[in-house]
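Residue numbering for the sequence shown follows the numbering used here, beginning at 6 and increasing consecutively.
Yeah, the Cβ is synthetic: ideal placement off N, Cα and C, and Gly gets one too.
Report on the following structure.
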Amino acid sequence: MLISMSKGFLLVISGPSGSGKGTICTKLLRDDKELVFSVSATTRNARKGEREGVNYYFVDDEQFENMIDNGEFIEYARVHRNYYGTPKKPVSDQIARGNIVILEIDVQGALQVKKNYSEAVSIFLLPPTMEELRNRLIGRGTETEEQVDIRYRNAFKELEFVHEYDYVVINDDIMNALNEIKSIIIAEKTRVSRNKNVLENLLHGGGI
Ligand code: ADP
Ligand code: 5GP
């Protein structure tokens, strides 16, 4: 169970493949030590340069299905023909420590999180144009032509869910997008509901 009164919270970042989630998360994590990345489990193959336990926990179908049966996921979904899921334990440990945990997950997962954790904050990342999305997917060079097509086609279905999110950010200029997300984080951190003991500390604790 996640602690809703804690200063920590879940920050869901979704968006079509190629919208820049990975690029932006890397920069956010580099700049703010209060943020931690939730490492998902997946049944897809590791890409060149990806590391076990850093980018993903790479598991096979049987291991993933055992994790489902044991209730080990906050959410999970089948995305682009593979399983992806957010392990529960590391996330709840980080929230209890007051950290902000980034879940870089697809729309199906984001909807599950929203339903079960009302205090979670969700951001949908958009490309400036669909043509640019396709170009970025091709330019990344990590998928075959067929996989790029699947991801590009899925993007149109994913976009329909943008209205379910709290915030939308357009990733045209990377620094602008990054600054908008940092502003969202600052606003969410300063919500009164996340700072219940601020007055008590001021009046009785000798400082905040
Ligand atoms: P995602 O994680 O959403 O699938 P990536 O972060 O891998 O997307 O970005 C897809 C590609 O687009 C990468 O090659 C990345 O370097 C590039 N990219 C990301 N943001 C921008 C941007 N604002 N302008 C130009 N290229 C970008
Ligand atoms: P990729 O294969 O490009 O790393 O990720 C493909 C998609 O799966 C992306 O939209 C990414 O956000 C999503 N994804 C990654 N981890 C998870 C997860 O734990 N749960 C869900 N639902 N989606 C995930």
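- Contact between SER24 and ASN176 holds, with the beta-carbon distance rounding to 6 Å and staying under 8 Å.
- Here LEU33 is near LEU183, since their CB atoms are less than 9 Å apart.
- A distance criterion of 8 Å places the beta-carbon of LYS53 beyond contact range of ligand 1, judged by its closest non-hydrogen atom.
- When C-beta atoms of the region 37 to 55 are compared with those of the region 63 to 71, three or more pairs fall below 8 Å, so the two segments count as touching.
- Secondary structure within the region 120 to 198: the alpha helix (DSSP H) runs of 4 or more consecutive residues, fully enclosed, are 135 to 145, 150 to 164, 179 to 194 (chain order).
- Around GLY20, the same chain offers LYS26, PHE129, LEU130, LEU131 as residues with beta carbons nearer than 7 Å, after the five sequence neighbours per side are excluded.
- Note on the region 26 to 111: whole alpha helix (DSSP H) runs with a minimum of 4 residues are 26 to 36, 66 to 74, 93 to 101, in chain order.
- Taking VAL106 as reference, the option from ASN206, GLY13, GLU185, ASN200 with the minimal CA-CA separation is GLY13.
- Residue side-chain check: ASN50 keeps its Cβ at 8 Å or more from all non-hydrogen atoms of ligand 1.
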